[in-house]
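Read the structure below first, then the notes.
2 protein chains.
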Amino acid sequence: MKKNRAATPEIIDNLRRVFQVITEYSKTAEKTSGITGPQLWALKILAKTSPLRVSELAHQMYLRPATVVGILDRLEGKGLVTRTRSKEDRRAIDLNLTEKGKDVVAKAPEVAQVMLIRGLEELTDEQFTKVSEGMDLLVRILGADAITPQPLHSA
Amino acid sequence: MKKNRAATPEIIDNLRRVFQVITEYSKTAEKTSGITGPQLWALKILAKTSPLRVSELAHQMYLRPATVVGILDRLEGKGLVTRTRSKEDRRAIDLNLTEKGKDVVAKAPEVAQVMLIRGLEELTDEQFTKVSEGMDLLVRILGADAITPQPLHSA
DNA sequence: GACGAATTATTGGGATGCAAATATTATTAG
DNA sequence: CTAATAATATTTGCATCCCAATAATTCGTC
Chain A
1 MKKNRAATPE
11 IIDNLRRVFQ
21 VITEYSKTAE
31 KTSGITGPQL
41 WALKILAKTS
51 PLRVSELAHQ
61 MYLRPATVVG
71 ILDRLEGKGL
81 VTRTRSKEDR
91 RAIDLNLTEK
101 GKDVVAKAPE
111 VAQVMLIRGL
121 EELTDEQFTK
131 VSEGMDLLVR
141 ILGADAITPQ
151 PLHSA
Chain B
1 MKKNRAATPE
11 IIDNLRRVFQ
21 VITEYSKTAE
31 KTSGITGPQL
41 WALKILAKTS
51 PLRVSELAHQ
61 MYLRPATVVG
71 ILDRLEGKGL
81 VTRTRSKEDR
91 RAIDLNLTEK
101 GKDVVAKAPE
111 VAQVMLIRGL
121 EELTDEQFTK
131 VSEGMDLLVR
141 ILGADAITPQ
151 PLHSA
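Chains as they are written, first to last, in UniProt numbering: chain A, 1 to 155; chain B, 1 to 155.
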């Protein structure tokens, strides 16, 4: 019961392309704004909700706290973020944007996610359904249903 | 002309899941075979065609030579790969698998790509078309048509 | 043949990413 | 109240990844 699945390698290549264009986009943003994709991603989250704790930020970025600490070190070093010991819980750290940090967010280019959202908006209902259901199927194939989403390099 | 696009964040989350499960898969392979995804990926390429030069291997892996050098250092350190100065061009290096290296490749688990191929085979024609066309649309949205596919962490 | 340009692999420095171990503080059990 | 436990952020060590600079070799041009 073999089927004609000539498009299979193409699907995989397309997955690669999507992945690459997103990381590529992250690098472009890095050159124009001076900060990396993950750094900008962290700033954007803090711009929406702050103060935030390290663990909360890590959760929203789908990253481990240990990873976020390094990103925060560099953001703090650039004077874009402040770390303050929380008064309620002295184990925790309150993260806040500096004025400079808010500036960077305001001037930063859109992240790839916005590109995706806009592109998806332009699709017809039928096309949108194909993308949506197609991704669902891919996720199911990989048994990724229960997986926590990953960063996508600041998409 | 607003459309109901509630599934948009879900699509993006699904993209994240797909990438994560692939990197996750790479880590599983690391635990069972003792080597990492990119390392196994390099071995598999060398198993198919060798000798190979560093630049050629890098090209086939869609990685920079500088990156591949590090991977080769570790593979050589484990005694899975040999580096020999080429006689025709003394700038170049001939890469070969050792017997131990061939052994590892033979016993290594399938990479994520195989998982995808098998999963795609199980779909009905209608489902397959959705995945295929859905990915096409995503690629077009991102303007990724002209992009050379990237590695996907040894997928 | 000689000198500049291109090619090849490597090194060095920076940024993600993870897991495991650590120090500090909070909470819970007894 | 005290001791064990859990939560929080960090540090350390490792493996990818990139770019830029370097050293060695080859090629091309004069």
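Note that CB positions come from ideal geometry on N, CA and C, so glycine has one too.
{"Item": "When you compare only the Cα positions, how much space is there between T82/A and V69/B?", "Value": "38 Å"}
{"Item": "Rounded to the nearest angstrom, how far is the Cβ of L97/A from that of L57/A, given a contact under 8 Å?", "Value": "That belief does not hold up - the Cβ atoms of L97/A and L57/A are roughly 12 Å apart, past 8 Å."}
{"Item": "Could you please give me the residues that DSSP links to R85/B through a beta bridge?", "Value": "I93/B"}
{"Item": "Determine which residues of the segment 48 to 66 of chain A have a Cβ less than 8 Å from any Cβ of chain B, and write them out in chain order.", "Value": "Y62"}
{"Item": "Starting from the beta carbon of V131/A, find every residue of chain B whose beta carbon is closer than 7 Å, and list them in chain order.", "Value": "I11, G134, L137, L138"}
{"Item": "Please report the residue range of the alpha helix (DSSP H) in which residue 159/B lies.", "Value": "In the structure displayed, chain B extends from 1 to 155; residue 159/B sits before or after that span and is not available."}
{"Item": "Taking DSSP as the reference, what is the three-state secondary structure of L57/A?", "Value": "helix"}
{"Item": "Taking C-beta pairs closer than 9 Å, name the residues in chain A that V68/B reaches, listed in chain order.", "Value": "Going along chain A, no residue has its Cβ under 9 Å from V68/B, so there is no contact; the nearest lies around 17 Å."}
{"Item": "Taking C-alpha atoms, which residue in P65/A, L120/A, A47/A, L46/A lies nearest to S55/A?", "Value": "P65/A"}
{"Item": "Using a Cβ cut-off of 7 Å (strictly closer), state whether I141/B contacts chain A.", "Value": "yes"}
{"Item": "Closest to G101/A by C-alpha separation, out of R90/A, T84/A, L75/A, would be which residue?", "Value": "L75/A"}
{"Item": "Under a CB-based cut-off of 7 Å, is Q127/B close to chain A?", "Value": "yes"}
{"Item": "L116/A by DSSP, collapsed to three states: which one?", "Value": "helix"}
{"Item": "D73/B to I35/B, Cα distance in whole Å?", "Value": "13 Å"}
{"Item": "Quick check on the burial criterion: 16 or more other C-beta atoms within 10 angstroms. Buried or exposed for K48/A?", "Value": "exposed"}
{"Item": "Identify whether L40/B lies in helix, strand or coil by the three-state DSSP scheme.", "Value": "helix"}
{"Item": "Check the C-beta distance from L43/B over to L52/B and give it rounded, since I have them as a contact under 8 Å.", "Value": "Their Cβ separation, rounded to whole angstroms, is 11 Å, which puts L43/B and L52/B out of contact at 8 Å."}
{"Item": "On a Cα-Cα basis, can you pick out the residue from L123/A, R90/A, K87/A that is closest to V139/B?", "Value": "L123/A"}
{"Item": "Taking Cβ positions, are I141/A and G119/B nearer each other than 7 Å?", "Value": "yes"}
{"Item": "How about G119/B: is its C-beta nearer than 7 Å to some C-beta of chain A?", "Value": "yes"}
{"Item": "Within a Cβ cutoff of 7 Å, which residues of the same chain sit near G79/A, ignoring the five residues on either side of it in sequence?", "Value": "T98, K100"}
{"Item": "What number of angstroms, rounded off, separates the C-alpha of E126/B from the C-alpha of W41/B?", "Value": "32 Å"}
{"Item": "Which residues in the same chain have their Cβ closer than 8 Å to the Cβ of L93/A, if we skip the five residues on either side of it in sequence?", "Value": "Correcting the residue type first, residue 93/A is Ile in the shown sequence and not Leu. Closer than 8 Å at the Cβ level, and outside the excluded window around I93/A, lie R53, V54, R83, T84, R85, S86."}
{"Item": "In chain B, which residues lie with their C-beta within 7 Å of the C-beta of residue 159/A?", "Value": "The structure shown does not extend to residue 159/A, since chain A is modelled only from 1 through 155, so no value can be given for it."}
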